[in-house]
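Counting in our numbering, the final residue of the sequence shown is number 479, and the numbers go up one at a time with none missing.
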Amino acid sequence: ILALGELRAKSGRDVLAAYIIGVEITTRVGQGLNPFHRNRGWHATSTVGAIGAAAAAGRLIGLDTGRMRHALNMATSYAGGFMSQFGSMTKPLHAGKAAEAGVVCAFLAEAGMTAGSETLDGPTGMARLMVGPDLEELRRSGFKAEHGQTLRFEPATLGRPLAILAHGLKVKRYPTCASTHRALDGILELQEKHKFAAVDVTRIDVFAPVTHFNNLMYTDPSTPAEAKFSMEYCAAVAIENGGIGLADFAQSALAAPRVRHTMTKVVRHPIDRPESEFPTKVEITLTSGQSVSVHIDAPKGRVDNPLSEEELWQKLRLCCRGTIEAGRAARIETSLRRIDGDEPIATLMSELRFETAAT
């Protein structure tokens, strides 16, 4: 919607409205498919994201009700992506493909292209194909749902309340898979409280829902992409450095002997309980024999434990550092601070455009 807003000369306020609609539809479709869709290996950023992106793009270009219906139904044909791609360069491509689907489907619907109906919950719709043939049995099973997941599509309650208000956004504190975040918060909290260094640690026990560890499939990562999906690597870096940032995912950083040694001290304890029922527990044993532990329910950045305004701006500055020169970064921040006004989104986009050297 940033690129589309620039193309169609939209304001920052227009872009934000489209974003809120995109989040609403993404959330509601996800609630109708999950938790089983995700737990069975579908990457919801790609599958559900395509439909949410179509809603956002359609809102931004002003599709009427009929054309919006076609855009959303069309987007289900773009829904795809497996969690087997986690830790590869193709995993982030899934987000790009979902965004592409949204723009293409909105444009095609605007031009008059039509799509089938009942593509979410029909006899051969997304739910039955991408949850499984046991869909109805699961719906009747009284499963323990999280985040409003019901395995049912409920259009009558759309926007009441808006998903962005009811559930908020998980703004990542660390440049790693979100399944590491509760453990990383726990490690850093214990380190701050008890003032120990990596050399003082003999063992790091991480007790977390099994669904978290299912996402963290790399115990001995060899690439930066794999490292972001490794509890062992992320925990070791946090212990060694007192934090974890973008520089820790350079290829050269992965082979650091101290980090590799500390990785051997990390022990996984998968717990077969939902995230909402089991806060992640981190227990660190020190060379003195002392054991310290903490339970983390809400990672920093979640709606019930949000990053402060200053922490959000600091994250932006850290992401820009070393990539975007200071003057340009300051102008980007200025544009973002007034994004909810009438200023064209093109003002911000002009600061994000870079010339690429010819090769």
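Backbone N, C-alpha and C define an ideal beta-carbon position, used for all residues, glycine too.
Quick check on the burial criterion: 16 or more other C-beta atoms within 10 angstroms. Buried or exposed for residue i?
i: Glu-352; result: buried
i: Ala-195; result: buried
i: Val-319; result: exposed
i: Asn-159; result: exposed
i: Met-250; result: buried
i: Asp-305; result: buried
i: Leu-472; result: exposed
i: Ala-218; result: buried
i: Pro-344; result: buried
i: Gly-182; result: exposed
i: Asp-462; result: exposed
i: Thr-400; result: buried
i: Gln-269; result: buried
In the DSSP assignment, find the alpha helix (DSSP H) that holds residue i and state where it starts and stops.
i: Leu-456; result: 446-457
i: Glu-230; result: 210-230
i: Phe-149; result: It should be pointed out that residue 149 corresponds to Val in this sequence rather than to Phe. Looking at the DSSP string, the run of the alpha helix (DSSP H) that includes Val-149 is 132-153.
i: Leu-487; result: Outside the shown range of the chain (121 to 479) lies residue 487, about which nothing can therefore be said.
i: Gly-186; result: 185-195
i: Cys-354; result: 351-361
i: Gly-306; result: 301-314
i: Met-383; result: 377-383
i: Ala-345; result: 344-347
i: Arg-260; result: 255-260
Straight-line CA distance for residue i to residue j?
i: Arg-388; j: His-415; result: 15 Å
i: Lys-435; j: Val-291; result: 10 Å
i: Trp-433; j: Glu-453; result: 8 Å
i: Glu-485; j: Leu-127; result: Any question about residue 485 goes unanswered here, given that the chain covers just 121 to 479.
i: Ser-208; j: Gly-152; result: 28 Å
i: His-301; j: Ala-138; result: 29 Å
i: Leu-427; j: Pro-419; result: 10 Å
i: Ala-356; j: Pro-295; result: 15 Å
i: Cys-297; j: Phe-349; result: 6 Å
i: Arg-259; j: Pro-464; result: 46 Å
i: Thr-239; j: Met-246; result: 6 Å
i: Glu-144; j: Phe-202; result: 23 Å
i: Leu-122; j: Ala-358; result: 34 Å
i: Phe-369; j: Asn-361; result: 13 Å
i: Ala-303; j: Val-326; result: 7 Å
Pull up the DSSP beta-bridge partners for residue i, would you.
i: Phe-206; result: Looking at the DSSP assignment, Phe-206 forms no beta bridge with any residue, so it has no partner.
i: His-415; result: Lys-401
i: Pro-464; result: Ser-131
i: Trp-162; result: Phe-202
i: Leu-406; result: Val-321
i: Asn-425; result: Arg-422
Go to residue i, then tell me how far its beta strand (DSSP E) extends in each direction, as first and last residue.
i: Pro-390; result: 386-391
i: Val-326; result: 321-329
Within the chosen definition, does the stretch 328-343 reach the stretch 440-450 through at least 3 CB pairs nearer than 8 Å? no
Check whether the stretch 397-404 and the stretch 366-377 are in contact - that is, three or more C-beta pairs closer than 8 Å. no
Would the stretch 307-327 count as touching the stretch 335-343 if we require 3 or more Cβ pairs under 8 Å? no
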